[in-house]
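Here it is in structure tokens:
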């Protein structure tokens, strides 16, 4: 564990806590893409198949459980909670995320560390996570002004993988035989997708104006 | 084991 990875995990956890706060405090999920939340739930379920077979550390196990439980709870809440689901922007959240699923799985079959069930699902979860934010970014562009908690949610979600890139650079220089090309390249793509959001987020913070993504 | 080393990140 290094400071970059720990900071990244804490930002990831913060993004989830901000999203839970927004949904439970405002009893609303307006501006949140259910499709992105479904993709994230799949990412964690596909990546943590080794949850009960490989024990890495208490921290690792607890964080995996937190990510799985929180992501599935958010999807359940947006679909089933009578009050919350009324505020879901169903007509705006129309990104065809099944293509992202199919493409990620197809790529995982072609590019993986080893052609085994667990490695294919691990690579699938890495590729899927890189593109899972797309429905959310499209929804933000369509829904005009973005409320503060939603903006902070997306910001921390983008920042966490940027810290993981620093973590991989650090490990590359401090550990022998460290090579994690699939995660590195996918992480670069993932962070790059946030580039324009980060720009408009910075502008809104500098000018102290409401965050607005151009359509 | 190799697998453990491999997936030690979240």
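Residue numbers (my numbering), protein chains in the order written: chain A, 9 to 223; chain B, 74 to 83.
Ideal placement from N, C-alpha and C gives every residue a C-beta, glycine not left out.
In this text, all values refer to a predicted model and were calculated from it rather than measured experimentally.
Nearest residue (CA-CA) to residue i, options the options
i              : options                        : result
residue 121(A) : 91(A), 58(A), 189(A)           : 189(A)
residue 64(A)  : 136(A), 9(A), 220(A), 204(A)   : 9(A)
residue 44(A)  : 100(A), 206(A), 13(A), 192(A)  : 100(A)
residue 117(A) : 176(A), 132(A), 106(A), 105(A) : 132(A)
residue 143(A) : 206(A), 193(A), 70(A), 106(A)  : 106(A)
residue 17(A)  : 29(A), 59(A), 70(A)            : 70(A)
residue 40(A)  : 57(A), 61(A), 102(A), 138(A)   : 102(A)
residue 173(A) : 223(A), 162(A), 197(A), 29(A)  : 197(A)
residue 110(A) : 92(A), 129(A), 123(A), 95(A)   : 129(A)
residue 134(A) : 92(A), 165(A), 193(A), 156(A)  : 193(A)
Coil, strand or helix - residue i by DSSP
i              : result
residue 156(A) : helix
residue 220(A) : strand
residue 97(A)  : coil
residue 71(A)  : helix
residue 83(B)  : coil
residue 74(B)  : Any answer about residue 74(B) is weak, because its pLDDT of 47 lies below 50 and its placement is not dependable; what the coordinates show is given next. If DSSP states are grouped into helix, strand and coil, residue 74(B) belongs with coil.
residue 185(A) : coil
Under 8 Å between C-beta atoms of residue i and residue j
i              : j              : result
residue 218(A) : residue 153(A) : yes
residue 52(A)  : residue 82(A)  : no
residue 199(A) : residue 179(A) : no
residue 108(A) : residue 139(A) : yes
Unbroken alpha helix (DSSP H) runs of length 4 or more, entirely within the region 16 to 43 of chain A: which are they? Entirely contained in the region 16 to 43 of chain A, not one alpha helix (DSSP H) run reaches 4 residues.
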